[in-house]
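Asks: What follows is a structure written as structure tokens; I'll ask about it next.
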Amino acid sequence: MKTGIYPLQIQGLSLSSNIFYAPLAGYTDYPTRQMIASFRPGLFFTEMVRGKALIEHFEKVKNNIEIEENMHPVGAQFYENDISIAVDAAQFLENKGFDWVDFNCACPSPNIVRQKCGAYFLRCPQEFSKILRAIVLAVKVPVSVKIRLGWDHNSVVAPELTRIAEDVGAAAVLIHGRTALQGYRGKAQWEKIAQCVTISKNILIIGNGDIFSSQEAKERLLQSRCHGILIGRGMLGNYGICSDIQNFFLKKEEYRRSWPETLRQMRRHWGYILDYYPVISALKEMKKVGFLYLKGHKDIKKIRKSLAQANTPSAIFALYDDICKIM
Ligand SMILES: Cc1cc2nc3c(=O)[nH]c(=O)nc-3n(C[C@H](O)[C@H](O)[C@H](O)COP(=O)(O)O)c2cc1C
């Protein structure tokens, strides 16, 4: 069995690598998708939207799934509990040009679970099977399902759900190695993700949880023998982490991005934000993104204060020069 970093070919879709970027609601907006796409991960996703909203209130969620020609390959993720709406939503996304559709059965937010969506399905394998089968049959593009290990430590169902997903013809299972009740506490349990790899035959197992460096990516991939990895928070402010990981496999050296390079990326990202949002929202987003890039900088306290106080986009761009001087 192959391990490490390699291209994937699935249902006629070619992915340059098995390093995927996760959906991150509130972070993977259009300007961030422009940044991400420029670094060419194997696949990345737009953030979760309700299937019903796609069909009935598209204007309200349009921004969440907006893509442009040079962002491919890109997947869209949705959540839903009604089978016929889920089918319509999957077809809608396929018709919008997405290369891949992911069904969210992982979100543990009480608000989502109350609606019998997201992690709710971890407790209902039969309903999981029915809705996933319908989605897979509805579209030609690859369909994956994102899950957690189970609802809690006493009900780890990831292997059972992997078998079901394989039976209904899904292309991949994206597994976050924590339970729903765990939230983000404790470490992702990759040994439990590895159990799903051992029982999989024709389905890709994409492991997810706590990958923040190339070294961690390599260890998780080699130990779990997953067919790929899904990186969430580790991409924030470091959108080129997929190429760093690829290089690490080749050269065995962890790439330390220099501050000038990080700052140039931040400035490019600011530019995308300013082009996309009206000024007031742009200002807010530029600050949010700025903090992501600048974490770990030696003068972070001082810079943080100036960034927080900036009240126009041009004041923020002016800060760029100041930050460059104190590097
Ligand atoms: C701010 C934030 C937003 C998220 N939004 C989504 C989402 O829209 N869909 C989803 O399936 N998971 C979402 N997740 C979970 C991540 O995709 C990922 O599974 C989780 O963060 C673990 O991976 P990581 O340790 O690499 O971050 C979100 C996580 C965070 C922190």
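Each residue of the sequence shown is one higher than the one before, starting from 360 at the first, in the numbering used here.
No residue lacks a Cβ here, since even glycine has one placed at the ideal position from N, Cα and C.
Predicted, not measured: the structure shown is a model, and the values here were computed from it.
Check whether the Cβ atoms of M394 and Y598 sit closer than 7 Å, and answer yes or no.
Replies: yes
Asks: Does DSSP put C601 in a helix, a strand or coil?
Replies: helix
Asks: When you get a sec, list the residues whose CB is within less than 7 Å of any heavy atom of ligand 1, chain order please.
Replies: A381, P382, L383, A384, G385, Y386, E406, M407, Q436, N463, A465, C466, K505, H535, A547, N567, G568, D569, I570, L589, I590, G591, R592, G593
Asks: May I have the straight-line CA-CA distance separating A529 from I494, to the nearest angstrom?
Replies: Using only the alpha carbons, I get a separation of about 9 Å.
Asks: What does the Cβ neighbour count give for R473, buried or exposed, with the cut at 16 atoms within 10 Å?
Replies: Burial call: exposed.
Asks: Can you find at least 3 beta carbon pairs, one from the stretch 409–424 and one from the stretch 660–670, that sit closer than 8 Å?
Replies: no
Asks: For M360, I'd like the list of residues in its chain whose CB is within less than 7 Å of its CB, leaving aside the five on either flank, ordered along the chain.
Replies: Counting only Cβ-Cβ distances below 7 Å, and skipping sequence neighbours, we find R584.
Asks: Could you pull out every residue in the same chain whose Cβ sits closer than 8 Å to the Cβ of D339, ignoring the five residues on either side in sequence?
Replies: Residue 339 is absent from the structure shown; the chain starts at 360 and stops at 686.
Asks: Taking the beta carbon of V527 as the centre, do at least 16 other beta carbons fall within 10 Å, making it buried, or is it exposed?
Replies: buried
Asks: Per DSSP, what are the beta-bridge partners of R409 in this structure?
Replies: Y438
Asks: From A576 to Q582, what does the alpha carbon distance come to, in whole angstroms?
Replies: 10 Å
Asks: Bridge partners for Q368 per DSSP, in chain order?
Replies: Bridge partners of Q368: S373.
Asks: Report the three-state DSSP secondary structure of I570 (helix, strand or coil).
Replies: coil
Asks: Express the C-alpha separation of D447 and E415 in angstroms, rounding to a whole number.
Replies: Between the alpha carbons of E415 and D447 lies a distance of about 11 Å.
Asks: Could you give the distance in angstroms between the alpha-carbon of S602 and the alpha-carbon of A396?
Replies: 12 Å
Asks: Classify G542 as buried or exposed, calling it buried when 16 or more other Cβ atoms lie within 10 Å of its own Cβ.
Replies: exposed
Asks: Since A449 and V498 should fall inside the 8 Å C-beta cutoff, what is the C-beta to C-beta distance between them, to a whole number of angstroms?
Replies: 5 Å
Asks: Given a threshold of 16 other Cβ atoms within 10 Å of its Cβ, counted over all protein chains shown, does P518 qualify as buried or as exposed?
Replies: buried
Asks: Once DSSP output is grouped into helix, strand and coil, what is the label at N463?
Replies: strand
Asks: Using 7 Å as the threshold, is the C-beta distance between A547 and R507 below it?
Replies: No, they are not a contact pair.
Asks: Taking the straight line between their C-alpha atoms, what separation do you get for H431 and W459?
Replies: 10 Å
Asks: Please report the distance separating the alpha-carbon of E333 from that of G587.
Replies: Look at the range of the chain in this structure, 360 to 686, and you will see that residue 333 is not part of it.
Asks: Whole angstroms are fine: how far does the CA of A478 sit from the CA of R537?
Replies: 12 Å
Asks: Quick check on the DSSP output: the alpha helix (DSSP H) that includes R663 runs from which residue to which?
Replies: Following the DSSP letters along the chain, one finds R663 inside the alpha helix (DSSP H) bounded by residues 659–668.
Asks: Looking at C-alpha atoms only, which residue of I565, G509, Y652, F379 is the closest neighbour of I539?
Replies: The residue asked about is misnamed: residue 539 is Ala in this sequence, not Ile. Looking at the Cα atoms, G509 is the closest of the given residues.
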